[in-house]
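Quick note: the sequence shown uses the working numbering, first residue 1278, plus one each step. Glycine residues also receive a C-beta, built at the ideal position from the N, C-alpha and C atoms. Quick caveat, the model's predicted, so the values are computed rather than measured. Okay, so here's the structure we're looking at.
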Amino acid sequence: GWITFKFGAAKNANKIYVSIYDTMGTETTEDDVEIARFGSAFDDNIYKGNMALFKADLSDHIGRDLYIVIVDDATSDWAWISMDSFNTYYKTVDELPTEAMDAIDVMPTDVVCNVTAPSQYEIANGGFDTGNICGWTAEGAAFTHSDITDQSIEWFGSLYIPEGGYMYSSWKNSNESLTGTLTSTTFELGGICYITFRLGGAKPKDNISEANYIAIFTEDGTEIGRYMNSQFNNSPELYTYKVDLSDYLGQRLYIKIVKNSTSDWGVFFLDSFNTYYTDSNDLPQNAYEAVNLLD
């Protein structure tokens, strides 16, 4: 019931993977069912084309007619595969190579969202710390549950670490070419009227239709703020920004993240959208004043 294979590179396991299908006893493929999906052991700290030897337990499917499909839908960022030695028959578990690692099934699962805002002054899941985008509304293809990561971003010796455990990363699924929006729940502006967020990538562009930015709207859909990554320095570094919205105290607002850019640092790294502070001393000391492009 075990198989083994060697697999390397293939950084984006959501787009490059080894898939196992069951024929369901039919001669056509239209009724075939995918039973497992395995990605590579891509590691930024080693040569990324190295093949790792994997073993996969398919013993629940002994006696079934199965077949293997190699899928490569990626187009950038180690979007190629090195592979070898697909062995589908071992008489006993003792025959398995001792150096083989357990293959991790990366089949997507349905995400059940059950998240609410902590208070009327806050948005739901502002730091993506549920490990997904629950609480936000996505339009287009750029923002999905699988774009949330708990991994730090390494860039020429620097590490950019998620606060609270998770953040959004365009690099996780190599989705720079995709566009879309991500909209928060509404919140009542209270406290000292500041909000903060962490923003990386998103090189500022003169043409708004080709830019990535953060927008603030009143509940009726009036845009009152538009902010790009003014500190951008050709890296994925996340900068903390603060926004003074005191003109809108008591009003209901929402945040919309807009991804229009598809190249030249048309990526987003996002974290820690905080909409409620009661004391100015609680504002992050390293926060930059966000520049409102609508002023």
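- Beta-bridge annotation (DSSP): Lys1283 is paired with Leu1330 and Asp1361.
- For Val1535, the three-state secondary structure derived from DSSP is strand.
- Spanning the alpha carbons of Ser1451 and Thr1393 requires a straight line of approximately 29 Å.
- Going by beta carbons, Met1328 and Ser1359 fall inside the 7 Å limit.
- Cα atoms of Thr1517 and Ile1469: separation of roughly 18 Å, rounded to the nearest angstrom.
- Residue environment analysis places Val1544 among the buried positions, since at least 16 neighbouring C-beta atoms fall within 10 angstroms of its C-beta.
- In the DSSP assignment, Thr1460 falls within the beta strand (DSSP E) that extends over Gly1457 to Thr1460.
- A distance below 8 Å between beta-carbons, with the five flanking residues on each side excluded, links Val1370 to the following residues of its chain, in chain order: Trp1279.
- Secondary structure at Val1520: strand, using DSSP grouped into helix, strand and coil.
- Nearest to Leu1343 by alpha-carbon distance, out of Tyr1553, Lys1480, Asp1556 and Val1310, is Val1310.
- Scanning Asp1387, Gly1285 and Asp1497 for the CA closest to the CA of Ile1293 turns up Gly1285.
- DSSP places Asp1548 inside the beta strand (DSSP E), whose first and last residues are Phe1545 to Asn1551.
- Distances from the alpha-carbon of Ala1415 to those of Ser1429, Asn1364, Thr1462 and Asn1506 put Thr1462 closest.
- Assignment of Tyr1398 by DSSP, reduced to helix, strand and coil, places it in the coil class.
- DSSP, read as helix, strand or coil, puts Asn1558 in helix.
- From the listed residues Tyr1298, Asn1391, Glu1431 and Thr1305, the smallest Cα separation to Met1384 is found for Tyr1298.
- Around the C-beta of Ile1430, 16 or more other C-beta atoms lie within 10 Å, and the residue is accordingly described as buried.
- Here DSSP, grouped into helix, strand and coil, assigns Glu1311 to strand.
- Only residues of its own chain outside the window of five on either side were considered, and among them Asp1299 have a CB closer than 6 Å to the CB of Arg1341, listed in chain order.
- Secondary structure at Asp1424: helix, using DSSP grouped into helix, strand and coil.
- When the five nearest sequence neighbours on each side are left out, the beta carbons in the same chain lying within less than 6 Å of the beta carbon of Gly1477 are those of Pro1513, Glu1514, Leu1515 and Phe1546, in order along the chain.
- Inter-residue distance for Tyr1366 and Ile1347 is about 19 Å (C-alpha atoms, whole angstroms).
- Under the DSSP definition of a beta bridge, Gly1477 partners with Phe1546.
- For Asp1406, there is no enclosing beta strand (DSSP E), as DSSP marks it with neither H nor E.
- In the three-state scheme derived from DSSP, where H, G and I count as helix and E and B as strand, Glu1372 is classed as helix.
- For Ser1446, the three-state secondary structure derived from DSSP is strand.
- In the DSSP assignment, Phe1464 forms a beta bridge with Leu1530.
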